[in-house]
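All remarks here apply to the structure that follows.
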Ligand code: SF4
Ligand code: SF4
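In the numbering used here, the protein residues as written are 1 to 351.
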């Protein structure tokens, strides 16, 4: 059984020996592995002190430890959904600087042809890499209670297609179950290192506040890690909706207690599922092809996994009802002819 390691540290400066020691422990896992994908949480363009995204100091520590372990091709990527300015996200979060200094290539998930498995669409880069180093930020989450390791991998779904799951599964436990199902597709490739040194509490994942917790956790068993961390925070394991009801895991480190974190208001007030569904149905981003700029190359149509782009004499057009909001068309269009249209509610609720 893969073990879970949980530590309490004062600050990011104390992290290096723990990460190096952990990788040293599991180094057989890296034998014959060539390409490693780093998946931090890059939800939006916000500075590290807001604790919405994985701290650049945490990312730096992980990359440095991997460099000591072997000569891997390390790439880093994410898909910040609604916030389409990836460059700004990378700049503001401090991730671009770390990657530049340590020679790590940054990719965007929408740039790879999406693949489909068990009804899920995910970025094709997942099938090309040998290992995924999952680096979630410890945060509260208004829908899933907490967002930890399993939830962070939901980011492998390109674009805003993730949002459609919120629409289709308004019940938080059903949504959590679906996210867990998605994680299970790739679990063998995943090693999780959780950044909870500075965590996000209250109305997470982005409208709460940062708080010092000092918690870091590592494991090849992401489900076990999430369950152990939920418990270490003094919460019932069912509080985190991506945790399964029954699951065996082993914590290798001593029992550490952490302070209580503020929980999201949604977890304290019961909102009926039909209200949630009504709201989430109205939060969307759809691509719109600007005819004047379009050179009719057809790249967008060829890259669309949902067959949602049609061609007629008047040009290319997106069929909104078929579009799954993966934004692959937007990524491949070299003529800047695809505009992303946000619904009114999207503009109201999503930063
Ligand atoms: S990729 Fe861009 S330019 Fe090419 S057909 Fe699509 S919208 Fe037009
Ligand atoms: S039109 Fe196709 S490629 Fe573009 S966002 Fe919608 S589903 Fe994705």
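Virtual Cβ for every residue (Gly too), placed ideally from N, Cα, C.
Quick caveat, the model's predicted, so the values are computed rather than measured.
No heavy atom of ligand 2 is found nearer than 7 angstroms to the CB of residue 337. Taking the CA atoms as reference points, residue 259 sits about 12 angstroms from residue 231. Per the DSSP secondary-structure output, residue 346 pairs with nothing in a beta bridge. Runs of the alpha helix (DSSP H) lying entirely within the region 48-93 and spanning at least 4 residues, in chain order: 56-69, 86-93. The beta carbon of residue 102 sits closer than 6 angstroms to those of 63, all from its chain and outside the five residues before and after it, given in chain order. DSSP, read as helix, strand or coil, puts residue 282 in coil.
Residue 184 sits away from residue 284, with the two beta carbons spaced by 8 angstroms or more. The shortest CA-to-CA distance from residue 240 to any of 246, 247, 250, 226 is the one to 226. The Cβ neighbour count for residue 312, taken over all protein chains shown within 10 Å, is under 16; the residue is labelled exposed. For residue 292 and residue 206, the gap between their C-alpha atoms comes out near 37 angstroms.
Three or more Cβ pairs closer than 8 angstroms define a contact, and the region 164-175 falls short of that threshold against the region 121-129. Judged by their CB atoms, residue 204 and residue 147 are nearer to each other than the 8 angstroms cut-off. Taken through DSSP and simplified to helix, strand or coil, residue 232 comes out as helix. Relative to ligand 1, the beta carbon of residue 151 is positioned no closer than 7 angstroms to any heavy atom. Counting the other CB atoms within 10 Å of its CB gives residue 344 a total below 16, which places it among the exposed residues. Counting only residues of its own chain and dropping the five nearest sequence neighbours on each side, residue 8 has a CB closer than 6 angstroms to the CB of 214, 256.
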